[in-house]
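If you use the UniProt record's numbering, the sequence shown corresponds to residues 1 to 667, in order.
Below: the structure, in structure tokens.
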Amino acid sequence: MSVSGGVPVSDHIDLAHLREVLDGPWADVRNALRDHLDGRFLPVYGETGDQARARISRLLTELPTELGIASAFPTEYGGRNDVGGSIVATEMLAQVDLSLMVKAGVQWGLFGGAVSALGTKRHHDAYLRDIISGKLLGCFAMTETGHGSDVQQLRTTCTYDPHTQTFDLHTPHEAARKDYIGNAARDGRMAVVFAQLVTNGRRHGVHAWLVPIRDAQGNPLPGVTIGDAGAKAGLLGVDNGRLSFDHLTVPRDMLLDRYGQVGQDGTYSSPIENDSRRFFTMLGTLVRGRVSVGGAASAATRSALTIAVRYGDIRRQFGTPGADREVLLNDYLAHQRKLLPALPTTYALHFAQTELVTALHEVQSGDGPVDEHRQRELESRAAGLKAAQTWHATRTIQMCREACGGAGYLAENRLPSLKADTDVFTTFEGDNTVLLQLVAKGLLTGYRDAFGSLDGWGRASFVAEHVREMVLERTAARSLIERLISAVPGRDEEVAVTDRGWQLKVFEDRERHLLDGAVRRLRNGAATKKDHPFDIFNDVQDHVLAVAAAHIDRVTLEAFVAGIEDAADPAVRALLSRVCDLYALSVIETNKGWLLEHGRLTPARSKAVTGVVNGLLKELRPHMRTLVDGFGIPDAWLHCAILREEPLRQETMAAHDAAGDPQTVGA
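Following this line, the structure appears as structure tokens:
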């Protein structure tokens, strides 16, 4: 047993119980993919872009749909109405091949998801079965060269002509070209195209149409120009392309009209009268893609950490006086400082993702009316977590590459492709900086009901008059969290920094203080710069982003606390509790400059935090391998040459130990 001021951690952890906690509600989906996705689905190192595209296109049609990849679709068309299962399956696919995951996400998540969510029964009857089976491959054509994150300002137009009862789809200039579109350069036969709907001389905002773009032989249809997006840093197997339309005729019934209908005479009608609210309701139905990207980024991070931790347990470097063995990398504090804080953050984000997927599944799989407030909360949570997960992936995979030295730079050891393939995740499905602003806006009381778009930031007077205080949206285990916080004594010095209530209180207090400060600055700006709304918000943009980051930190910690509650095995609970301590205190240590400046930490307590963090590193060192094995990634999926050498190295070390010989592993 080991302990450092908290719950004792057993030296013997039942790995099956740890995996059970991490696998969560869709353990059956995870196990099905572990059992059925074999070596033919793994990346091929060194292939050309054309080779990668051909291989991924073939594998897409060979993916067994019964494994859950397309399970979100309605049961009557071959799905299971299992939104959560489809997201988890996509996440698992990311550990096999990220190109295949993105290709599948475009086909069944974005393209098929848009037809399902935005279309009506006639679209479903005509297309969903072929989409699910892979007979009809498609694209999701939203992003434009000149307007990426600002979807509401797209420039492509689709104008209705009542005389022909058709739409005229047109790209008015180069900046309106659809860009970076997955499945467009090679395989897509149809596209869900987002454009400004115009009828009877009036615009009604962005809507979506189902548009054929190629004939049966794969040639672009008249009026459609298709180009290749060109060479990319990663995701070689995804055929990103460009689409432009030259007055392409689109039949009236190809409008995906669940939220907006155009009659034969051009009359527009919608169950949602407000244009902005309608737009965000439409986008809200597509939030699954953003959740999937965040989950896939975390899955790739888990793969990288597994490789780096396992390598650090066999790679030796430098010796100590009087010793005849060099030191394992994982025994160095500097190495622990790299890998161990990243592990608890990965665990915390995994629990937050599980909570988000569960909530999204409940909202989107139900038959009743959608709770608009809960939907908006989910959208905000998905935006913030996607940003946190993808930034964490970028930092951690790079760190794992460095932790493996020169071996980490070789393609055969997987880390270079994980790094290249996930780099774009910080950008697609929403630029992270824009997403954090979306989160911050959701924290301004009254904002979400009055606005729905980014241009709401320009209404500074409204914000100044109506923002009063932050409303904390709690995650799971609300009563437990409130009880832990309320039990904290008034004086911080009387509480151990490993006290969970104190940690939760620090996270909550930081978020509240940052938001109060942002609101105060907005009010001051509204009073002094009321004629310059852009300047009012631009002047506090850094503050706003800090608010959002603090909010996601709190949400993530609370999800971790809730996850620990789900662990039935006492030894696993104890281990997770110490991992959670390291997560919470690592975040506090990272932000201790702010906490010191604002009187939330004394210098002595700040030093104590660092001391406890170092103690936790030593305590958790023996459990590093257990923590990565808990991810349940099959050895074959890691697809890493240095780990295939692991048994041989261990046998060699054991032989040297038995002979009493010094062991030197080459640099």
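The C-beta atom is built at its ideal place from N, Cα and C for all residues, glycine as well.
For this session: May I ask which residues mark the beginning and end of the alpha helix (DSSP H) holding Cys400?
Result: Glu372 to Ala403
Exercise. How many angstroms separate the CA atom of Ala527 from the CA atom of Pro533?
Worked result: 11 Å
For this session: My understanding is that Val495 touches Pro489, with C-beta atoms under 8 Å, so please give their C-beta distance in whole angstroms.
Result: 6 Å
Exercise. Using the beta-carbon count (16 or more within 10 Å), is His170 buried or exposed?
Worked result: buried
For this session: May I ask you to report which of helix, strand or coil DSSP gives Gly205?
Result: strand
Problem set entry | Through-space distance from Lys592 to Phe167, alpha-carbon basis | 58 Å
Problem set entry | Close Cβ partners of Ile397 (< 8 Å) along its chain, the five nearest in sequence each way excluded | Ala300, Thr301, Ala304, Leu415, Leu418, Lys419 and Thr422
Problem set entry | Exposure label - Gly105; buried when at least 16 CB within 10 Å | buried
For this session: Round the Cβ separation of Pro162 and Gln264 to the nearest angstrom and send it over; I've been treating them as touching at under 8 Å.
Result: 7 Å
Exercise. Which of helix, strand or coil does DSSP assign to Met101?
Worked result: helix
Problem set entry | Closest Cα partner of Asn524 within the set Ala403, Leu514 and Phe537 | Phe537
For this session: Determine the closest residue to Val83 out of Gly241, Gly289, Leu255 and Arg214, with distance taken between C-alpha atoms.
Result: Gly289
Problem set entry | Own chain partners of Arg55 with C-beta closer than 8 Å, once the 5 adjacent residues on each side are dropped | Val44, Glu47 and Gly237
Problem set entry | Beta-carbon contacts of Arg30 that lie in its chain and below 8 Å, excluding the five residues immediately before and after | Asp23, Val88, Met92 and Gly632
Exercise. What is the DSSP secondary structure of Pro25, counted as helix, strand or coil?
Worked result: helix
Exercise. Can we say the region 184 to 204 touches the region 138 to 148, given the rule of at least three CB pairs closer than 8 Å?
Worked result: yes
For this session: Taking Lys529 as part of the alpha helix (DSSP H), name the residues at either end of that continuous run.
Result: Neither: Lys529 is in no alpha helix (DSSP H) and is coded neither H nor E.
Problem set entry | Helix, strand or coil at His170 according to DSSP, with G and I counted as helix | strand
Exercise. For the beta strand (DSSP E) that Leu197 lies in, which residues bound it at each end?
Worked result: Met190 to Thr199
For this session: Kindly confirm or deny that the region 97 to 117 and the region 147 to 154 touch, where touching means at least three C-beta pairs closer than 8 Å.
Result: no
For this session: Excluding the 5 residues preceding and the 5 following Val587 in the sequence, name in chain order all residues of the same chain whose CB lies nearer than 7 Å to its CB.
Result: Asp553
For this session: Pair every Cβ in the region 381 to 399 with every Cβ in the region 605 to 617, then say whether three or more of these pairs are closer than 8 Å.
Result: no
For this session: State yes or no: is the C-beta of Val206 within less than 8 Å of the C-beta of Phe280?
Result: no
Exercise. Using CA coordinates, which residue listed in Cys404, Gly113 and Gly201 is at the minimum distance from Ile307?
Worked result: Cys404
For this session: Could you tell me if His598 is buried or exposed, where buried requires 16 or more neighbouring beta carbons within 10 angstroms of its beta carbon?
Result: exposed
Exercise. Which two residues bound the contiguous alpha helix (DSSP H) that contains Ala175?
Worked result: It is not in any alpha helix (DSSP H) - Ala175 carries neither H nor E in the DSSP assignment.
Exercise. Apart from the five residues just before and just after Asp257, which ones in its own chain have a Cβ nearer than 7 Å to its Cβ?
Worked result: Thr120
Exercise. Is the region 340 to 357 touching the region 434 to 442 in the sense that three or more CB pairs, one from each, lie closer than 8 Å?
Worked result: no
For this session: Just grab the DSSP bridge partners of Asp553 for me.
Result: Answer by DSSP bridge pairing: none, since Asp553 is not bridged.
For this session: Can you tell me the Cβ-Cβ gap for Pro60 and Gly134, rounded? I've got them flagged as a contact below 8 Å.
Result: Sequence check: residue 60 is Leu here, not Pro. Contact flag correct, Cβ pair sits at about 6 Å.
Exercise. Cα separation between Thr285 and Gly49?
Worked result: 33 Å
For this session: To the nearest angstrom, report how far apart Leu515 and Pro622 are at their CA atoms.
Result: 40 Å
Exercise. Expressed to the nearest angstrom, what Euclidean distance is found between the alpha-carbon atoms of Ala126 and Gln217?
Worked result: 21 Å
Problem set entry | Cβ neighbour criterion (16 or more within 10 Å) applied to Gly201 | exposed
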